[in-house]
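Working notes, structure below.
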Amino acid sequence: MSHYWLLKTEPSTYSFDDLERERSTTWDGIRNAQALINLRAMHPGDGLLIYHSGKERAVVGRGTVESAPRTAGKVTVVDVRFEARLASPVTLAQIKQEPDLAGLPLIRNTRLSVMPVTADEWEAVLRCAGMIRGR
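Using this note's numbering, you'd call the opening residue of the sequence shown number 82 and step up by one each time.
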């Protein structure tokens with residue numbers, strides 16, 4: 082069974098454009114204890130939503146976990162692969178207005194950089210982005 086996750090990144094440091102160009106990367110730099118717990122729970126094949134923090138504040142694309150989590154020095158990392166750019170970015174304002182996303186950790190824990198996403202939340206984000214049809 083696949084799981085879903087949201088990864089936050091500051092586009093001035095590493096953007097979804099970078100991931101799209103490189104096709105895959107090692108996701109590193111996670112130091113927050115809860116984010117590390119979430120990162121260590123990832124499995125190859127899990128789905129990813131990539132969220133730009135900072136001024137943009139929007140889910141901008143999809144990816145996939147390519148590797149099991151591993152320790153690299155003092156940090157835990159996973160390899161992630163580009164899948165698709167969202168047809169339309171889903172802004173934080175849209176997320177806050179969408180009833181199906183009311184439980185998304187992004188709304189109540191704004192500092193968390195790696196967070197779980199339910200299958201229903203995954204579908205709601207893709208629906209808001211125009212990637213799948215409504216119910």
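In this text, a Cβ means the ideal position worked out from N, Cα and C, and glycines have one as well.
Residue environment, residue i, which counts as buried when at least 16 other CB atoms sit within 10 Å
i, result
"Ile176", "buried"
"Asp99", "exposed"
"Ile190", "Per the sequence shown, the amino acid found at residue 190 is Asn instead of Ile. Burial call: exposed."
"Ile188", "exposed"
"Ile118", "exposed"
"Glu202", "buried"
"Ala116", "buried"
"Lys136", "exposed"
"Ala210", "buried"
"His124", "exposed"
"Ser194", "buried"
Residues that residue i bridges to, as DSSP identifies them
i, result
"Asp160", "Thr107"
"Pro197", "Trp86"
"Gly126", "Partner(s): none; Gly126 has no beta bridge."
Backbone CA spacing between residue i and residue j [nearest angstrom]
i, j, result
"Thr107", "Ala205", "27 Å"
"His84", "Ala200", "8 Å"
"Ala174", "Ala122", "28 Å"
"Ala91", "Met212", "In the sequence under discussion, the amino acid at residue 91 is Glu, which differs from the Ala named in the question. Their Cα atoms are separated by approximately 24 Å."
"Ala292", "Val158", "In the structure as shown, the chain begins at 82 and stops at 216. Residue 292 is therefore absent and cannot be evaluated."
"Leu130", "Arg102", "17 Å"
Cut-off 8 Å between Cβ atoms - residues of its own chain near residue i, not counting five sequence neighbours on either side
i, result
"Asp160", "Ser105, Thr106, Thr107, Trp108, Val146, Glu147, Ser148"
Chain D contact for residue i (CB, 7 Å cutoff)
i, result
"Pro170", "Although the question refers to chain D, the structure presented lacks it and comprises just one protein chain."
Beta-carbon contacts of residue i that lie in its chain and below 6 Å, excluding the five residues immediately before and after
i, result
"Leu185", "Glu202"
Counting Cβ pairs closer than 8 Å, one from the segment 139-146 and one from the segment 157-166, do we hit at least three?
yes
Below 8 Å, how does it come out for the segment 180-189 and the segment 145-160: are there three or more Cβ pairs, yes or no?
no
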